[in-house]
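Notes follow once the structure below has been shown.
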Amino acid sequence: MNSSEELRLLRAKIAQLERQQKMNLPTSSSAGFDLVPPNAKRRRTEGVTEHEELKTLRAELEHQKLLIAHDALQTKMKQYQNKQQQSREEHEKLLNAHKNLMEEMKEQQKMDTLRQQQHQKETNDKIDWLREISIGP
């Protein structure tokens, strides 16, 4: 039996016991004296038993409500934890992508520096060659 069925049955039992308890209450006369039926002692005992059973059922009902609330909170917590894990994974992917991009940029900068140095050397070599030609031997 699932929790909602059990809860429904408990509620029905509580309602039934409350009706029985109301019917078992002794009636009073107009003079203010309680009318005691012949089986009053048994009724009182049954009333106490029913009262105890009602208290137990109410406690069970409250316990079921707490269990349902607990389950709902646990479900929410798991969803939140899953969402957090996804966020961490996405953050880690972005961080790795950023690191890779930074490495690529550093490598590109090194290549640009080497090209610039090579170009500068070639330019200096041409200048030196032109000086040698223009000055002559």
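For the sequence shown, the working numbering begins at 930 and goes up steadily by one.
We put the CB at the ideal spot given by N, CA and C, even for glycine.
Cβ atoms of residue j and residue i: under 9 Å apart, would you say?
i       : j      : result
Asn995  : Leu936 : With the sequence shown as reference, residue 995 is identified as Leu, and Asn is not the correct amino acid for it. The answer is no: Cβ separation not under 9 Å.
Leu1002 : Leu946 : no
Can residue i be considered in contact with the ligand ATP, in the sense that its beta carbon sits closer than 8 Å to one or more heavy atoms?
i      : result
Leu986 : Although the ligand ATP was asked about, the structure shown includes no ligands whatsoever.
Does residue i come out as helix, strand or coil in the three-state DSSP assignment?
i      : result
Asn931 : coil
Leu946 : helix
Ser958 : Because Ser958 sits at a pLDDT of 42, beneath the cut-off of 50, its placement in the model cannot be relied upon, and the point is left open.
Just tell me which of the options has its CA closest to the CA of residue i.
i      : options                           : result
Leu939 : Met952, His992, Thr978, Lys951    : His992
Met952 : Lys1039, Glu979, Glu934, Ser933   : Glu979
Thr985 : Ile943, Lys1050, Glu1019, Glu1051 : Ile943
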